[in-house]
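Report on one structure; see the data block that follows.
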Amino acid sequence: MIDEYDYYLPPELIAQTPLKNRSDSKLLVMDKKTGKLKEDVFKNIIDYLNPEDILVLNDTKVIPARLIGEKTDTHAIIELLLLKNIEGDIWECLSKPQKRLHIGTIVFFGDGILKAEVLEKKEDGIVIVKILYDGILMEILDKLGTMPLPPYIHEKLEDQSRYQTVYAKHIGSAAAPTAGLHFTNELLDKIKEKGVTLVYVTLHVGLGTFRPVEVTDITKHHMHSEYYVLSKEAAETLNSAKGKIYAVGTTSTRVLETVRKNNKKFVPCSGNTDIFIYPGFEFKAIDGLITNFHLPKSTLLMLVSALSNKENILNAYNYAIKHNFRFFSFGDAMFIK
0 MIDEYDYYLP
10 PELIAQTPLK
20 NRSDSKLLVM
30 DKKTGKLKED
40 VFKNIIDYLN
50 PEDILVLNDT
60 KVIPARLIGE
70 KTDTHAIIEL
80 LLLKNIEGDI
90 WECLSKPQKR
100 LHIGTIVFFG
110 DGILKAEVLE
120 KKEDGIVIVK
130 ILYDGILMEI
140 LDKLGTMPLP
150 PYIHEKLEDQ
160 SRYQTVYAKH
170 IGSAAAPTAG
180 LHFTNELLDK
190 IKEKGVTLVY
200 VTLHVGLGTF
210 RPVEVTDITK
220 HHMHSEYYVL
230 SKEAAETLNS
240 AKGKIYAVGT
250 TSTRVLETVR
260 KNNKKFVPCS
270 GNTDIFIYPG
280 FEFKAIDGLI
290 TNFHLPKSTL
300 LMLVSALSNK
310 ENILNAYNYA
320 IKHNFRFFSF
330 GDAMFIK
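Numbering (numbering that gives the first Met the number 0), first residue to last: 0 to 336.
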């Protein structure tokens, strides 16, 4: 039941800004079987990795997808968050306020450099729009858009690159895979020097990140699908693993477990996944997980509970609260191993 995944978090522990140095975050290391905890600093993650282990990272790149514009007829202020490119210049968006939008409505941004025509209205603020522009869309978004920070972050992000991993490559995400925000290029180089192999997968984070679980019985919750890619090179490396496979983030986990759910080994593939991982799930792909601290009653809290158990995870969260860990996107990290 959903209430089993609730906990009280003092608001002051919600990290509003990133630390000056990415890898200076705290790290809470937890044995997934015993629940035993050890407090450390993230830059020491290397001490918990062994030669021949594999670290799997999500190399999606966040689009500056939040746009503030005006309706051409009434000049009402409209906010659009680009969630998913359906095809060509057709996008699925989260709109606010949706009630002011109708099929055929045109919203303009940046004095008309970019326009959006509403093609379809769906539930929960979702609209399908056609984007109208001259030039290269991503260059225009770099000028007009801002990073789609979660609603619990109220501070302005001075450096937009801090809501991007240092290895972000493939454009398409509506939110950052935040477990990866702790890594610096220097730390990744040291990890490779130790003999750990880095493998990159792609999952473009979409609407599921912004949607709370609204059913009492969690088994009735339906996840929004997100596009993923596992390359031939990544699959071959994972299949030849001699050490443990550790996922960086719940997004990497969902890619790997999606692929292994229906296959006896990793196979190169791409598509949409709506996999929902909660206690009782049988993990076939990963041995452990580097992750941030997640919102109460969230699907991500259920995922980490499935890897260990609910009691161990909530005990770890209580420890983190008592010891002033920073929570959520810009917060500290856990290593469940």
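Here a beta-carbon is modelled for each residue, glycine too, at the ideal position from N, C-alpha and C.
All values reported here derive from a predicted model rather than from experimental measurement.
Can you tell me whether residue i is helix, strand or coil according to DSSP?
i, result
"Tyr-199", "strand"
"Gly-103", "coil"
"His-181", "helix"
"Ala-115", "strand"
"Asp-158", "coil"
"Asn-291", "strand"
"Tyr-4", "helix"
"Asn-43", "helix"
"Ile-217", "helix"
"Glu-122", "coil"
"Arg-21", "helix"
"Glu-225", "strand"
"Leu-12", "helix"
"Lys-37", "strand"
"Lys-98", "helix"
"Ala-332", "strand"
"Ile-152", "coil"
"Glu-91", "strand"
"Tyr-277", "coil"
"Phe-108", "strand"
Report, in whole angstroms, the separation of the C-beta atoms of residue i and residue j, which I expect to be a contact under 8 Å.
i, j, result
"Val-266", "Leu-202", "Not really, about 16 Å apart at Cβ, beyond 8 Å."
"Gly-124", "Ser-94", "5 Å"
"Leu-143", "Phe-108", "5 Å"
"Lys-60", "Ala-167", "4 Å"
CB-CB under 7 Å to residue i, same chain, minus the five flanking residues each way: which ones, in chain order?
i, result
"Leu-313", "Tyr-6"
"Leu-237", "Ile-53, Val-198, Ile-244 and Phe-265"
"Tyr-47", "Val-28, Phe-334 and Lys-336"
"Thr-250", "Asn-57, Pro-176, Leu-202 and Val-204"
"Leu-189", "Correcting the residue type first, residue 189 is Lys in the shown sequence and not Leu. These residues qualify, in order along the chain: Ile-45."
"Leu-156", "Met-146, Leu-148 and Tyr-162"
"Ile-130", "Asp-88, Trp-90, Leu-113, Ala-115 and Leu-136"
"Val-165", "Phe-182, Thr-183 and Asn-184"
"Ala-178", "Val-247, Gly-248, Ile-289, Thr-290, Asn-291 and Ala-332"
"Ala-234", "Phe-265, Val-266 and Pro-267"
Specify, as a first and last residue, the run of the beta strand (DSSP E) that residue i falls within.
i, result
"Ile-190", "Taken as a continuous stretch (DSSP letters only), Ile-190 belongs to no beta strand (DSSP E), being part of the alpha helix (DSSP H) at 184 to 192."
"Ile-85", "76 to 86"
"Val-204", "Looking at the DSSP string, Val-204 is not in any beta strand (DSSP E), and its letter there is neither H nor E."
"Phe-282", "Premise fails: Phe-282 is in no beta strand (DSSP E) and is neither H nor E."
"Thr-337", "One cannot answer for residue 337 here, as it falls past the ends of the chain, which runs 0 to 336."
"Leu-66", "65 to 70"
"Gly-171", "169 to 172"
Considering only residues of the same chain and omitting the five flanking positions on each side of residue i, which have a CB-CB separation below 6 Å?
i, result
"Tyr-199", "Leu-56 and Asp-58"
"Phe-275", "Met-222"
"Arg-325", "Ala-14 and Asp-331"
"Pro-295", "Asp-5 and Tyr-6"
"Ala-284", "Leu-255, Glu-256 and Arg-259"
"Asp-286", "Lys-243 and Ile-244"
"His-322", "none"
"Asp-273", "Met-222 and Ser-224"
"Phe-41", "Ser-22, Ser-24, Leu-26, His-181 and Ala-332"
"Gln-97", "Gly-124"
"Tyr-318", "Leu-36"
Would you mind sorting residue i into buried or exposed? The rule is 16 or more other CB atoms within 10 Å of its CB.
i, result
"Ser-297", "buried"
"Ile-135", "exposed"
"Gly-279", "exposed"
"Met-137", "exposed"
"Asn-337", "With the chain running from 0 to 336 in the structure shown, residue 337 is simply not present."
"Val-126", "buried"
"Lys-219", "exposed"
"Gly-68", "buried"
"Thr-104", "buried"
"Ser-328", "buried"
"Asn-311", "buried"
"Val-214", "exposed"
"Lys-252", "The amino acid at residue 252 is misidentified as Lys; the sequence shows Thr. Thr-252 should be labelled buried."
"Ile-85", "exposed"
"Ser-160", "exposed"
Determine the extent of the alpha helix (DSSP H) in which residue i is found, giving its start and end residues.
i, result
"Ala-319", "309 to 321"
"Asn-271", "Where Asn-271 is concerned, there is no enclosing alpha helix (DSSP H), although the beta strand (DSSP E) it sits in stretches over 268 to 272."
"Leu-300", "298 to 306"
"Pro-251", "Residue identity check: residue 251 is Ser in the sequence provided, not Pro. 248 to 260 is the extent of the alpha helix (DSSP H) around Ser-251."
"Thr-236", "231 to 238"
"Asp-141", "136 to 143"
Please list, in chain order, all residues of the same chain as residue i whose beta carbon is under 8 Å from its beta carbon, the five residues on each side excluded.
i, result
"Leu-299", "Thr-249, Thr-290 and His-293"
"His-101", "Val-117 and Lys-120"
"Tyr-277", "Ile-217, Thr-218, Thr-298, Met-301, Leu-302, Ser-304 and Ala-305"
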